[in-house]
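>
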Amino acid sequence: MSPVLRKVVLTTHIATSVGWLGSVAAYLALDITATASQDVQTVRAAYLAMGATVTYVIVPVAIASTFIGVVNALGTRWGLFRHYWVLVKLLLTLVATTILLIETSTVRSLARAAAAGTDPRELPGTLPHSIGGSLVLVIILILSVYKPRGVTTYGWRRHQEQGRQQRATQVP
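Residue numbers for the sequence shown, in our numbering: 5 to 176.
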């Protein structure tokens, strides 16, 4: 990637990742409200907002962040499979996105039930998923900032190959 394109991709990745984390934080606040409040209208509103937040914000931003993260990794020196921290980030992101997509139907069902007149205080919340998802995203953030050392076997081989190629092209 050219330096300009690399910066555009990195900026987009940061924006979508921060958006994902922020929208999950907002969802967590709604989920806590739905679980803790005793006011029927407040709980109903929280479930309706949770449905909209998941559908129109969290899922699109999560998918965009995952996709652009892969593009970013492939276009930088970090690579997608060279360093353990990148590989762990990828796996955590894929797991979080998969669980999110599965859980989305549950959230939509809860929102529909709350809108249909069911006493929303009797609905099961999604708080364990909200907390778990938040923790996974924070772990991914920490890995992005601290970049723990350690290359994969693939990364080590690639490094060795590049060293051999550089030595072969040097003039004696």
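Using N, Cα and C, we set each Cβ at its ideal position, and we do this for glycine too.
With a cut-off of 8 Å, do at least 3 Cβ pairs link the stretch 74-84 to the stretch 103-118?
no
> Would glycine 167 be called buried (16 or more neighbouring beta carbons within 10 Å of its own) or exposed?
The count along the sequence shown starts at 1 and reaches residue 167 at position 163. With fewer than 16 other Cβ atoms within 10 Å, it is exposed.
> Taking a contact to mean a Cβ-Cβ separation below 8 Å, would you say aspartate 35 touches glycine 129 in this structure?
As a working note, residue 35 is residue 31 in the sequence shown. As a working note, residue 129 is residue 125 in the sequence shown. Their beta carbons are under 8 Å apart, which means aspartate 35 touches glycine 129 by this criterion.
> Taking just the CA atoms, how far does leucine 141 sit from glutamine 45?
Walking along the sequence shown from the start, residue 45 turns up at place 41. Walking along the sequence shown from the start, residue 141 turns up at place 137. Between glutamine 45 and leucine 141, the C-alpha separation is close to 31 Å.
> Between the C-alpha atoms of threonine 37 and arginine 161, what's the straight-line distance to the nearest angstrom?
Locating residue 37 in the sequence shown gives position 33, counting from the first residue. Locating residue 161 in the sequence shown gives position 157, counting from the first residue. About 51 Å.
> Please list, in chain order, all residues of the same chain as leucine 114 whose beta carbon is under 6 Å from its beta carbon, the five residues on each side excluded.
For the purposes of this step, residue 114 is identified with residue 110 of the sequence shown, where counting begins at 1. Cβ neighbours of leucine 114 beyond the five flanking positions: Tyr51, Leu127.
> Comparing alpha-carbon positions, which option in Leu91, Thr97, Ile144 lies nearest isoleucine 222?
No answer is possible for residue 222: the residues shown for the chain start at 5 and end at 176.
> CA-CA distance, glycine 137 and threonine 173?
Sequence index remark: in the sequence shown, residue 137 carries index 133 (1-based). Sequence index remark: in the sequence shown, residue 173 carries index 169 (1-based). Cα-Cα distance, rounded: 48 Å.
> Please list, in chain order, all residues of the same chain as tyrosine 88 whose beta carbon is under 8 Å from its beta carbon, the five residues on each side excluded.
Looking up residue 88 in the sequence shown gives position 84. Pro152, Gly154, Val155, Thr156, listed in sequence order.
> Let me check one thing: in DSSP terms, what residues is valine 155 bridge-paired to?
Along the sequence shown, one-based indexing puts residue 155 at 151. Valine 155 is bridged to His87.
> Starting from threonine 15 and walking both ways along the alpha helix (DSSP H), at which residues does that stretch end?
One-based indexing of the sequence shown puts residue 15 at position 11. Here the alpha helix (DSSP H) through threonine 15 covers 7-40.
> Who are the near neighbours of serine 69 in its chain, counting only those whose CB is closer than 8 Å to its CB and skipping five residues on each side?
By one-based count along the sequence shown, residue 69 stands at place 65. Around serine 69: His17, Thr20, Ser21, Gly23, Trp24, Thr97.
> Of the choices Ala56, Val61, Ile72, whose alpha-carbon is the least far from that of valine 13?
Position 9 of the sequence shown, counted from the first residue, corresponds to residue 13. It is Ile72.
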